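Here the structure comes first, spelled out in structure tokens, and everything after it is commentary.
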Amino acid sequence: MAAALDALAPYVKKLIADMAQEEVSKGGGTVEHKSPSYFQPLLFCLRNPVFAHKIGSRIKELNQRLESIHKEADKYKFNIGLGSNPEPRKLTAAELSSYRTIVSIIGVGGLGKTTLAQKIFNDATIQEQFKTKTIWLSITQQFDEVELLKTAIKHAGGDHVEARFLLVMDDLWSQKVWNDVLSVPVRNASKKQPGSRVLVTTRSAHLPQQMQAPLHQHRVKPLENDDAWSLLKKQLQPDQVDGIDQLKTVGMEILENCDGLPLAIKVIGGLLSTRYPSEHEWKAVLNMPAWSLTGLPQELDNRLYLSYEDLSPQLKQCLLYCSMFPKGVAILQAVVTEMWISEGLIQPPHKRSTSSHEYGLEDIATEYYRELIKRNLIEPMKGYSLTGYKCTMHDVVRSFAEYMVREESVVMVGQEQATTSGGGMLVRRLSLGQTVSVVEWAVLQRHESLRTLIVNSRVNFHPGDSVGSFSGLRVLYILSADCDTLVPSLSMLKHLRYLHLQDTDISRLPDDINKMKFLLYISLGNCKRLCYLPGSIIRLVHLRSLHIKGSNVSVIPKGFGELTNLRSLYGFPAHVDMDASNSWCSLQELAPLSQLRKPTLNGLKKVQESRMAEKAMISSKRHLGYLELNYSASGHTIGTGGAEAEQQQQQIVTEEVLEKLCPRTCLETLRVIGGYIGRRLPDWMCAPASAEFKSIRYLRLENVPCCTQLPDGLCCLPCLELLIIKDAPAIKRIGPKFQASSSVAARGSTASTSAPFPKLRHLYLERL
């Protein structure tokens, strides 16, 4: 696969770059300025039957949105010259010959079109050729014209410098996207920005001919046998590869059923990775009945169905649930695993036990998540190949999953309307994609049987709107919406387990939130208007996670230590007022939280005594896997003059506080960020103590302005895979102790010599 893509990418890349340079050498024309009045009839020009029936307030709203688009387009030199004629204008022969702007990549689903386009899009030569004016649009089958234009304009750039651009339209299904929406603005922009190019990926072999522009077609071919075998081997675990070529004969028989499709090979390879590498096990896979299953709809690819059938019943449900995240929306591990638990898809090993908190539901959910990655049913996004924290689902896999849950789950994208379901279908899960037009809350309330509601689009909320109709709701996810009016009715959701109101305008939680006694997860990240939490929150005894990072909550109600089921705590403010008469808790109330796995402590600059940090008892958290220590958003600087002695004392206190926040050695991820002003890092990061941390895989040190030396112990962390050090200007050099680990053996053992950073895979050093 890699060899094939590497061979194809330079060819298409050079084609685009050469065409761009050729256009530049010719020079470009000009575009006559169009006044805003030209935009009024765009509603009809887009030729969408849904728009044709919109009246009254809807027309007014669209005109306002279109007016806004025109202003943005003019600002960014992305002028859109659409007239009032509802029929798209045909190009003359002269125009056709002068606008060689499009390159198309054609092939069936799962053949690697998007992967090839991404290699071209991210290539340094291409980025330089187009001066970072690169636009990537993921096209859905049902798309919203206005939202598509707004997205294109947004990514076209934020300055007035005219530069040629590269526009990628990924997974194009209809010529309407180009002919009716993007062709005119792109051509107009190309006249002012000569050399601009469009790259299209599509499954349709006939689509390029239907687009009103000349283009070069590149058809992606299936993988040859050797490339297919190489790709299959890459899906296996490291301990399965030795001697694997002896299974090549049966492996090639399996690959014959994959038709050279990279996605099919990866999915089947993921299945084989769960088997012992023997001829018997591989032949068992080869002889599975699903290979020859007939009569399946197109959505149910035999290879996907085979992999799906190999999953446990619980894992099947978890995979299908991932399809609730529309195309273009990342699948976040922390989010989807909590949703699985809230929907009851994750069960403890011993259901009869009353102490289920000891069974680690989050651990089981994380194992399921990683299993789906290993089987290539979900794929880590760029930049997350190591951690897998953010994933996406291939369009072919998503289509398969959506078909399998069609009776109870609905994902709306584009111009679909959130109306009640027909045919007696009982909708249990509803997801509104980012491209869905504005939806009335009253329409959504008709789905009274919902257990999961995911809102990624704009919703019209009105004073007095309520969530009371969703009596059976388990999961409520609203992103970037003005939904403060819903807050008073939240406590009516008696069965709600998961409440996610990220980046919304909410200013409070209901004072009677304790009535939501089944709540397990509350996520209020980046809710800037949120300044306090109600005192009744400490009565949510089943609460497992609280996320207030990015909000303006500066204090936590006293008694917080009673929430002994808490596993995750993001954005805990380090309040240190020891006045017994106050009603706010301090760091010491973290001590009883023995189940804590992922704490993020904010504002540690306020902690003026190391004994305060010691009372948090971080070192006693035996399940701790993630620790983030945040001192301040803006960081610190050290001044000079008369206050120097005071500042030095502050540095000493800061160092002592971090020393007392020493975690258990079971830690996997450590982040020290946001203005740590100590001159040195703690002893537990130095040799020989650091060698005891045998589980740390990810370490990030960011904004440490006064630290003068990196601790030598970092190089002898036995499992460290990712090391990021940013914004550490006081570090002038890296000494030999940091580079080699002689005489830095574990505490109590004799000195020994070993290779530094034995497992390191990614190293980032920035602004030292």
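All the letters of the sequence shown, read from the start, carry residue numbers 1174 to 1941 under the numbering used here.
Each residue gets a CB set at the ideal place from its N, CA and C atoms; glycine is no exception.
Computed from a predicted model, the values in this text were never measured in an experiment.
Which whole-angstrom value describes the C-beta separation of residue i and residue j, a residue pair presumed to lie in contact below a C-beta threshold of 8 Å?
i: A1862; j: D1856; result: 6 Å
i: I1717; j: N1699; result: According to the sequence shown, residue 1717 is Arg rather than Ile. With 8 Å as the limit, R1717 and N1699 do not qualify as a contact, their Cβ atoms being about 21 Å apart.
i: G1280; j: V1440; result: G1280 to V1440, Cβ: 17 Å. No contact.
i: G1851; j: S1805; result: Not quite, the Cβ-Cβ distance comes to about 13 Å (not below 8 Å), so this is no contact.
i: H1715; j: L1692; result: 7 Å
i: K1722; j: A1747; result: No, K1722 and A1747 are not in contact; Cβ-Cβ is about 13 Å, not under 8 Å.
i: V1648; j: R1624; result: 7 Å
i: A1786; j: V1728; result: Incorrect: roughly 18 Å between the Cβ atoms, too far for contact.
i: Y1871; j: T1510; result: Their Cβ separation, rounded to whole angstroms, is 18 Å, which puts Y1871 and T1510 out of contact at 8 Å.
i: L1372; j: A1290; result: 6 Å
i: F1573; j: D1474; result: 6 Å
Considering only residues of the same chain and omitting the five flanking positions on each side of residue i, which have a CB-CB separation below 8 Å?
i: P1435; result: M1174, G1283, L1284, G1285, T1288, L1396, L1404
i: G1517; result: R1647
i: A1764; result: G1734, K1788, A1789, M1790, S1793
i: V1359; result: T1274, L1340, S1369, V1371
i: L1444; result: V1458, L1479, S1480, D1483, R1548
According to the neighbour-count rule (16 or more other Cβ atoms, all chains shown, within 10 Å of its Cβ), is residue i buried or exposed?
i: C1704; result: exposed
i: L1938; result: exposed
i: G1556; result: exposed
i: N1629; result: buried
i: T1881; result: exposed
i: Y1743; result: buried
i: L1936; result: exposed
i: K1667; result: exposed
i: E1426; result: exposed
i: S1208; result: Residue placement at S1208 cannot be trusted, given a pLDDT of 34 that sits under 50; what the coordinates show is reported in the next sentence. S1208 is exposed by the Cβ-count criterion.
i: Y1650; result: buried
i: H1635; result: exposed
i: H1391; result: buried
i: T1274; result: buried
i: A1538; result: buried
i: V1152; result: Residue coverage of the chain in this structure runs from 1174 to 1941, which leaves residue 1152 outside it and unanswerable.
i: A1860; result: buried
i: L1840; result: buried
i: T1422; result: exposed
i: S1465; result: exposed
Return the chain-ordered list of same chain residues with a C-beta closer than 6 Å to the C-beta of residue i, the five sequence neighbours on each side being excluded.
i: P1499; result: V1584, V1586, G1606
i: M1461; result: L1479
i: P1836; result: I1791, L1797, L1800
i: I1898; result: L1874, L1938
i: H1389; result: V1276
i: S1783; result: E1829, V1830, K1833
i: K1690; result: none
Quick one: give me the first and last residue of the beta strand (DSSP E) that residue i is part of.
i: L1742; result: 1741–1746
i: L1671; result: Inspection of the sequence shows that residue 1671 is occupied by Tyr rather than by Leu. Per DSSP, Y1671 belongs to the beta strand (DSSP E) from 1671–1673.
i: K1771; result: 1771–1775
i: S1582; result: 1582–1585
i: I1695; result: 1694–1696
i: Q1390; result: 1388–1392
i: W1309; result: 1307–1311
i: H1720; result: 1718–1720
i: Y1342; result: One point to set straight first is that residue 1342 is Met, not Tyr, in the sequence displayed. Run containing M1342: 1339–1345, per the beta strand (DSSP E) assignment.
i: H1567; result: It is not in any beta strand (DSSP E) - H1567 carries neither H nor E in the DSSP assignment.
i: A1872; result: It should be pointed out that residue 1872 corresponds to Leu in this sequence rather than to Ala. Segment 1871–1875, the beta strand (DSSP E) holding L1872.
i: V1611; result: Looking at the DSSP string, V1611 is not in any beta strand (DSSP E), and its letter there is neither H nor E.
Terminal residues of the continuous alpha helix (DSSP H) containing residue i?
i: Q1383; result: 1380–1383
i: E1540; result: 1534–1547
i: L1492; result: 1486–1495
i: K1287; result: Correcting the residue identity first, residue 1287 is Thr in this sequence and not Lys. T1287 -> alpha helix (DSSP H) spans 1286–1295.
i: T1510; result: 1506–1515
i: N1398; result: 1398–1407
Compute every distance between the C-beta of residue i and the non-hydrogen atoms of the ligand FAD, then say whether any falls below 6 Å.
i: D1684; result: This structure simply doesn't include the ligand FAD, nor any ligand for that matter.
Within its chain, find whatever has a CB closer than 7 Å to the CB of residue i; leave out the 5 residues flanking it on each side and keep chain order.
i: P1931; result: P1891
i: L1854; result: C1880, P1884
With a threshold of 7 Å between beta-carbons, can residue i be considered close to chain D, or not?
i: D1296; result: Structure shown: chain D not included; a single protein chain is present.
Looking at C-beta atoms only, is the number of pairs between the region 1543–1554 and the region 1733–1745 that lie closer than 8 Å three or more? no
Indicate whether the contact test is met: 3 or more Cβ pairs, each with one atom in the region 1674–1681 and one in the region 1649–1659, closer than 8 Å. yes
Determine, using beta-carbon pairs with one atom in the region 1487–1498 and one in the region 1612–1620, whether at least three such pairs fall under 8 Å. no
Between the region 1373–1385 and the region 1404–1423, can you find at least three pairs of beta-carbon atoms closer than 8 Å? no
So, do the region 1450–1467 and the region 1288–1308 have three or more beta carbon pairs nearer to each other than 8 Å? no
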